[in-house]
Each structure stands twice: as structure tokens, then as C-alpha cells.
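Visitor: The structure that follows is given in the form of C-alpha cells.
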Amino acid sequence: MSKKKRIAIFASGNGSNFEAIAQACLKNRINAEVALCVCDHPGAYVTERAKKLEIPVLELRPKSFSSKEEYERKILSELKKEEVEFIALAGYMRIIGPVLLKEYEQRIINIHPSLLPSFPGVDAIGQALKYGVKVFGVTVHYVDETLDGGEIISQAAIPYDGNDREELEAMIHAREHVLFISSLKTLLN
Ligand code: GAR
634 MSKKKRIAIF ASGNGSNFEA IAQACLKNRI NAEVALCVCD HPGAYVTERA
684 KKLEIPVLEL RPKSFSSKEE YERKILSELK KEEVEFIALA GYMRIIGPVL
734 LKEYEQRIIN IHPSLLPSFP GVDAIGQALK YGVKVFGVTV HYVDETLDGG
784 EIISQAAIPY DGNDREELEA MIHAREHVLF ISSLKTLLN
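Take any residue in the sequence shown, count from 1 to its spot, add 633: that is its number in the working numbering.
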């Protein structure tokens, strides 16, 4: 197999997708090494997960930068230092700007808990429940300058006719982990 790709995972919160990808890399299921965890919420649980796995963490407060451009330039310089070739957004609740998009064109992917283009943005699961859909789902897609837009790579449908948000979230997260890993495998192996 070819040399392992160095990837960065961007996350804002819990980090269950981060953990699933990092473990899959450690077990050589994905031909990649997680070189950096980028987190825009210092202290978020994902940073603990990363530290336990001895993955370097970059914790930044976007508000402490004078602009989005300056914030992304800082991230870019750290990505370069770590020789990162590919980026996975795993619950990173921020739109990627031109600085990173230009440098990593077609090399940034995102996971979203809906069948896009339905329910982009924050709380996709809540939006779908409120709408009353009976088929939920998850999408992995390339990232462009739009909110949860960009070319779709893979999707999985999850039929669900109940009203228990916790149960539904557990089903969606479990499916996310599988779909994200298989998509990364296809793209990087
Ligand atoms: C995931 O459900 C992911 O799809 C979603 O955030 C959650 C993060 O969970 N992302 C978006 O909504 C992006 N618009 P995790 O922190 O446990 O991986």
C-alpha cells in the first residue's frame, strides 16, 4: 500500500466522528495518519479524545483573531508544519473560507446528519424531526464555500418513524461513523 496520507480532522464538540476516524487510522483500516486535530472551541470533549490518542491538538478561539482570513492563515501555517494533505470536517460548525479552500481544493470533506440538500446548517436532526420526515440520513460531501453544499460523495438513508430524538441520534451517529470511514477509505487508500 502507498505511503500513509497525513490528514487533519476539524471538530467543534463531542468528537465521536473524530474518534471513529482516528481509531480506523490506528487499525490501518484507512491508509492515513491523523496528524492534527483542529478545534475552534478550546476545551471541547474532542480535544480530550485527541490528547488520549496522543494526536496533536490546535485549539483556537476564532474571536481572538481580527478576521476570518487571519484565523484561517494561522490554521494553514500549522497544517503546513504538520504536512497535512487532506482535511476531514467532523462536526466543525463553521464555514470554510477562501484561504483554506484554495490551498486544499477538492481535499476537504464534511459529514452532515441529513440527506443533503435537505436540512443544511445547524441541528439538521431537529429540523428533520420538526418537518416530520420518515427517512433520515447522513451525507459525506466535498466542501465548497456554501453551507453544507459541495459535491456529494456518499449518502446513507435511515428510515425512522418514531419520536425519540436520543434513539434517532444514536442511529444517525452510528451510521455516520461507518459512512465517514468508508468514504475516507475510498478516497485515501
Ligand atoms: C455530527 O452529527 C455531524 O454530522 C454534525 O455534527 C455532529 C458532530 O458529532 N455536523 C454538522 O451538522 C455539520 N453541519 P461528533 O462531534 O460526535 O462527531
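Each residue gets a CB set at the ideal place from its N, CA and C atoms; glycine is no exception.
With DSSP as the reference, identify every bridge partner of GLN760, one or two as the case may be.
Guide: DSSP output for GLN760 lists no bridge partner at all.
Visitor: How about ILE742: is its Cβ closer than 6 Å to a heavy atom in the ligand GAR?
Guide: For the ligand GAR, not one heavy atom lies less than 6 Å from the Cβ of ILE742.
Visitor: Locate the beta strand (DSSP E) running through THR772, then write down its first and last residues.
Guide: Unbroken beta strand (DSSP E) run through THR772: 768 to 775.
Visitor: Using three-state DSSP, classify LYS637 as helix, strand or coil.
Guide: Coil at LYS637, not helix or strand.
Visitor: Looking at the strands, I want to know which residues DSSP matches up with PRO792.
Guide: According to DSSP, PRO792 bridges with VAL768.
Visitor: Would you tell me roughly how many angstroms separate the C-alpha atoms of ARG662 and ALA789, rounded to the nearest one?
Guide: C-alpha separation (whole angstroms): 20 Å.
Visitor: Would the beta-carbon of ASN664 fall within 7 Å of that of ASN822?
Guide: In contact: ASN664 and ASN822 (Cβ atoms closer than 7 Å).
Visitor: Can we count HIS774 as close to the ligand GAR, meaning its CB is less than 6 Å from some heavy atom?
Guide: No.
Visitor: Expressed to the nearest angstrom, what Euclidean distance is found between the alpha-carbon atoms of LEU712 and LEU669?
Guide: Cα-Cα distance, rounded: 8 Å.
Visitor: According to DSSP, is LEU691 helix, strand or coil?
Guide: Three-state result, LEU691: strand.
Visitor: Taking the C-alpha atoms as reference points, what is the distance between VAL773 and SER787?
Guide: Going from the Cα of VAL773 to the Cα of SER787 covers about 5 Å.
Visitor: Have a look at ILE708, ARG694 and ALA807 and flag the residue whose alpha-carbon is nearest the alpha-carbon of HIS745.
Guide: The residue with the shortest Cα to Cα distance from HIS745 is ALA807.
Visitor: Taking buried to mean at least 16 other C-beta atoms within 10 Å of its own C-beta, is GLY795 buried or exposed?
Guide: Flag for GLY795 reads exposed.
Visitor: Would you mind reading off the limits of the alpha helix (DSSP H) that contains LEU709?
Guide: Looking at the DSSP string, the run of the alpha helix (DSSP H) that includes LEU709 is 701 to 714.
Visitor: Which residues share a DSSP beta bridge with ILE744?
Guide: Answer is VAL773, bridged to ILE744.
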